[in-house]
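To start, the structure itself, in structure tokens.
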Amino acid sequence: MSTQLPTGTLASAPPPTGLTPAVEARGVGKVFTTRAGAVTALENVHLTVAPGEFVSLIGPSGCGKSTLLRLVADLDAPTSGELSVFGKAPRVARENQDYGIAFQQAGLLPWRTVRANIELPLELHGVGRAGRAARATELLELVGLPDFAGHFPHQLSGGMQQRVAIARALAEQPSLLLMDEPFGALDEMTRERMNLELIGIWNRTKTTVVFVTHSIPEAVFLSTRVVVMSARPGRISKVVDIDLPQPRTADTRETARYFELVTQVREALRRHESEAPLPADRIRAEGLA
Amino acid sequence: MTTRPSPARWAAPLRRGAIGAAALVLACALWELYKLVGPDTGAHLFGASVLPRADARSMPHVWDVVARMGTPESSAAGSPSVGAAMLQACWFTLRVSIAGWLAGVVGGFALAVVMHGSRMAEAAVYPWVVLSQTVPLIALAPLVVGWGGKIHVGEFVWERWMSVALIASYLAFFPVAVGALRGLQSPQQAHVELFRAQAASPWRTFWSLRLPASVPYVLPALRLGAATAVVGAVVAEVSTGTKGGIGRLIIAYAQSASGDPAKPWAAIVAAGALGLVAAGLVTLLGLGLGRYRIAEVS
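See the structure below:
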């Protein structure tokens, strides 16, 4: 697919027909059947993500935000409602490689070098050696690791590993990037730096991003919309539009509007926290998180 | 690059070698120490022997055993030295063991792949794999020789050493089957989901994820398999009456135990050394696979 792409070009594949949403969920629900009984992880979720948006899902443990992402990625199937990715069933989107995905654990293969890890998706889909090498070089530049191409994952810090994982997710220029708390295991300083890098990558590639996080500042800083979710059962409680100007820079974090929006999201989260049911219930629901 | 051979890369194997040599010296020292302090007639408690005899007939000196290797096997003219006879027998047994090991590795790995293929296959096969190791080898040997004797396919004739190799493979396949199964099942959930997200076929997932991930489990299993293949070959030589190998030599030398105690001990030492050599050869296989062995399980 991307073999003839001139080096240095990082534009994502053209968004499929203007009006088709990147992700569309209509009344999506997910019930897990466990030995202890049925647990509702998601209930009646309606969400539309337009191409080019950066949407964060935020909420307490057990609110089903990761579950929703996994449904979009077709790593799990919804038990009710309809879900489409670029107008297609999630399974078809997965098979067409419409999305790239990054998890909280970088999940790099320890026996592959950084370069070979980035090339993995291309290799799995039959891109030739030269095409793979050119693309990997490009991506190493993009995530700022050109000097580490020959290193093995265990020789890198957590932040660097996560950057490799992001490069891998971007390898096939997906129109949709799914990220499940990719910076959750990093310290606050590294996380802020990674946020800056991610927003830079998003500015350059204009990929649609669905981003799961626990961190309010991270969600506000990165997103065009923040979807606040509540637990037991997992559902969307509020959507906050983030009207901070683009492109976002380190200074964005110091504007008054930024703090206002952080407060707005925090209050939306707190409102539902106060309605939290019994602790026993919480323990069970958090087992899902 | 950091993968370039450096002194540090050789330090660990050297240290392991030194520890191994030290362990050997210690074993010899303990042997001699017991000879020094142990009662010549052993010790008995209510008629049961609790301490072995330490006399020269039961426990020859280490140096006597070593010296015996350099002297002729028997008083007959032109008789080779015990050491030469041992080397020849070891070479025979080693080749048979390698054949058995190879057959065991192929069989064990195939079983692991089948068991990994479906939960039902695992539930059906795994108990039999474990059960197989409870069948005494000695009971099996005559059966295998009997079956082999009936095989005539064109020019192909089943030879006695093949029965020995087959019995050796019966021991060798077990650690390989168990180790490979654990290895194939070892990839983390995150890695499996990554391959699923890439819509990778089961075959690609096997080749690019499960197989490389299994290396740290398979290599120790191969080493263990090599050692058990040698044990299997030696026992099979004895119980099938196969000539030419170290198993036969142990039996033959044991007959002179009373008059020439160092001679059977020399054969036993040779059999032990053979197992070490076989396991060592397999270790060489792992040298090129360093990148897959970041977390080796042993």
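Protein chains in written order, with my numbering: chain A, 1 to 289; chain B, 1001 to 1298. Using N, Cα and C, we set each Cβ at its ideal position, and we do this for glycine too.
Using DSSP's beta-bridge definition, name the partner residues of residue i.
{"i": "GLY100/A", "result": "LEU177/A"}
{"i": "ASP241/A", "result": "ARG225/A"}
{"i": "ILE1138/B", "result": "In DSSP, ILE1138/B forms no bridge with anything."}
{"i": "LEU57/A", "result": "VAL212/A, VAL227/A"}
{"i": "VAL23/A", "result": "VAL49/A, VAL85/A"}
{"i": "ALA1048/B", "result": "LEU1045/B"}
{"i": "HIS1152/B", "result": "VAL1157/B"}
{"i": "VAL31/A", "result": "THR40/A"}
{"i": "PRO1060/B", "result": "According to DSSP, PRO1060/B bridges with nothing at all."}
{"i": "ARG235/A", "result": "SER230/A"}
{"i": "PRO1072/B", "result": "SER1081/B"}
{"i": "SER1097/B", "result": "BP columns for SER1097/B are empty, so no partner."}
{"i": "SER80/A", "result": "GLY29/A"}
Give the straight-line distance between the Cα atoms of residue i and residue j, rounded to the nearest whole angstrom.
{"i": "GLU260/A", "j": "LEU57/A", "result": "19 Å"}
{"i": "LEU244/A", "j": "SER237/A", "result": "22 Å"}
{"i": "MET1069/B", "j": "LEU1211/B", "result": "45 Å"}
{"i": "GLY53/A", "j": "GLN246/A", "result": "This sequence places Glu at residue 53/A; Gly is not what is there. Answer to the nearest angstrom: the Cα atoms are 12 Å apart."}
{"i": "CYS63/A", "j": "VAL227/A", "result": "12 Å"}
{"i": "GLN1189/B", "j": "VAL265/A", "result": "32 Å"}
{"i": "GLY1017/B", "j": "GLY200/A", "result": "53 Å"}
{"i": "LEU1014/B", "j": "ALA1021/B", "result": "11 Å"}
{"i": "VAL1113/B", "j": "TRP1265/B", "result": "42 Å"}
{"i": "GLY37/A", "j": "LEU69/A", "result": "23 Å"}
{"i": "LEU1036/B", "j": "VAL1096/B", "result": "40 Å"}
{"i": "VAL1269/B", "j": "CYS1090/B", "result": "11 Å"}
{"i": "PRO182/A", "j": "LYS65/A", "result": "13 Å"}
{"i": "ILE1019/B", "j": "ALA1278/B", "result": "19 Å"}
{"i": "GLY1172/B", "j": "LEU1289/B", "result": "Note that residue 1172/B corresponds to Ala in the displayed sequence, not to Gly. Whole-angstrom Cα-Cα distance: 22 Å."}
{"i": "VAL114/A", "j": "VAL210/A", "result": "25 Å"}
{"i": "LEU170/A", "j": "LEU177/A", "result": "8 Å"}
{"i": "ARG1067/B", "j": "TYR1253/B", "result": "Inspection of the sequence shows that residue 1067/B is occupied by Ala rather than by Arg. Those two C-alpha atoms are separated by around 15 Å."}
{"i": "ALA969/B", "j": "LEU42/A", "result": "Past the boundaries of the shown model lies residue 969/B; chain B is included only from 1001 to 1298, so the question cannot be answered."}
{"i": "ALA1103/B", "j": "ARG1160/B", "result": "16 Å"}
{"i": "ILE216/A", "j": "ALA1121/B", "result": "48 Å"}
{"i": "ARG132/A", "j": "HIS214/A", "result": "34 Å"}
{"i": "ALA1221/B", "j": "VAL1178/B", "result": "8 Å"}
{"i": "PHE86/A", "j": "VAL220/A", "result": "25 Å"}
{"i": "ILE1246/B", "j": "LEU1026/B", "result": "26 Å"}
{"i": "LEU75/A", "j": "ASP251/A", "result": "37 Å"}
{"i": "ARG1234/B", "j": "SER1208/B", "result": "It is worth fixing the name first, because residue 1234/B is Val in this sequence and not Arg. Distance between the alpha carbons of VAL1234/B and SER1208/B is about 38 Å."}
{"i": "ALA1200/B", "j": "LEU124/A", "result": "7 Å"}
{"i": "LEU981/B", "j": "ALA1229/B", "result": "Nothing can be reported for residue 981/B: it is not among the residues displayed for chain B, which extend from 1001 to 1298."}
{"i": "MET1115/B", "j": "ILE118/A", "result": "32 Å"}
{"i": "ARG35/A", "j": "ALA268/A", "result": "33 Å"}
{"i": "LEU142/A", "j": "ARG163/A", "result": "9 Å"}
{"i": "GLY1117/B", "j": "PRO90/A", "result": "26 Å"}
If the cut is a Cβ gap below 8 Å, which residues of chain A does residue i touch?
{"i": "GLN1198/B", "result": "GLN97, LEU120, PRO121, LEU124, HIS125"}
{"i": "ALA1212/B", "result": "The sequence given here has Pro at residue 1212/B, not Ala. Within chain A, the residues near PRO1212/B are LEU109, TRP111."}
Would you say residue i reaches chain E, if we count a Cβ-Cβ gap shorter than 7 Å as a contact?
{"i": "ARG1291/B", "result": "The question asks about chain E, but that chain is absent: this structure's protein chains are A and B."}
At a CB-CB cut-off below 7 Å, which residues of chain B make contact with residue i?
{"i": "LEU145/A", "result": "Per Cβ cutoff of 7 Å: no residues; LEU145/A is ~15 Å from chain B at best."}
{"i": "ARG94/A", "result": "ALA1197, ALA1199"}
{"i": "ALA73/A", "result": "ALA1197"}
{"i": "ILE101/A", "result": "ALA1197"}
Could you work out which residues of chain A lie near residue i, taking near to mean beta carbons separated by less than 7 Å?
{"i": "ARG1204/B", "result": "LEU124"}
What does residue i touch in chain B if you count any residue whose Cβ is under 9 Å from its own?
{"i": "ARG235/A", "result": "Ordered by position in chain B, no residue passes the 9 Å Cβ test against ARG235/A, which lies about 25 Å from the chain."}
{"i": "PHE259/A", "result": "Simply none; closest approach about 35 Å."}
Give the residues of chain B in contact with residue i, contact being defined as C-beta atoms less than 8 Å apart.
{"i": "GLN105/A", "result": "GLN1188, ALA1190"}
Taking a cut of 8 Å between CB atoms, which residues from the segment 121 to 143 of chain A lie near chain B?
PRO121, GLU123, LEU124, HIS125
Positions along the segment 1175 to 1196 of chain B whose CB lies within less than 8 Å of some CB in chain A:
GLN1188, ALA1190, HIS1191, GLU1193, LEU1194, PHE1195, ARG1196
Say whether the segment 1173 to 1189 of chain B touches the segment 1215 to 1230 of chain B, bearing in mind that this needs 3 or more beta-carbon pairs closer than 8 Å, one atom from each stretch.
yes
Do the segment 1081 to 1088 of chain B and the segment 1280 to 1295 of chain B make contact, defined as three or more Cβ pairs closer than 8 Å?
no
Assess contact between the segment 1126 to 1135 of chain B and the segment 1191 to 1207 of chain B, defined as three or more Cβ pairs (one per stretch) separated by less than 8 Å. Is contact present?
no
Would you check if there are 3 or more beta carbon pairs closer than 8 Å linking the segment 1235 to 1255 of chain B to the segment 1136 to 1150 of chain B?
yes
Count the CB pairs spanning the segment 124 to 131 of chain A and the segment 192 to 208 of chain A that are closer than 8 Å, and state whether there are at least three.
no
Spell out a yes or no on whether the segment 170 to 184 of chain A and the segment 26 to 35 of chain A are touching, meaning 3 or more CB-CB pairs, one atom from each, closer than 8 Å.
no
Taking a Cβ distance cut-off of 8 Å, strictly less, list which residues of the segment 149 to 183 of chain A are near chain B, in chain order.
GLY150, HIS151, PHE152, HIS154, GLN155
Decide if the segment 143 to 158 of chain A is in contact with the segment 104 to 112 of chain A; the criterion is three or more beta carbon pairs, one per stretch, under 8 Å apart.
yes
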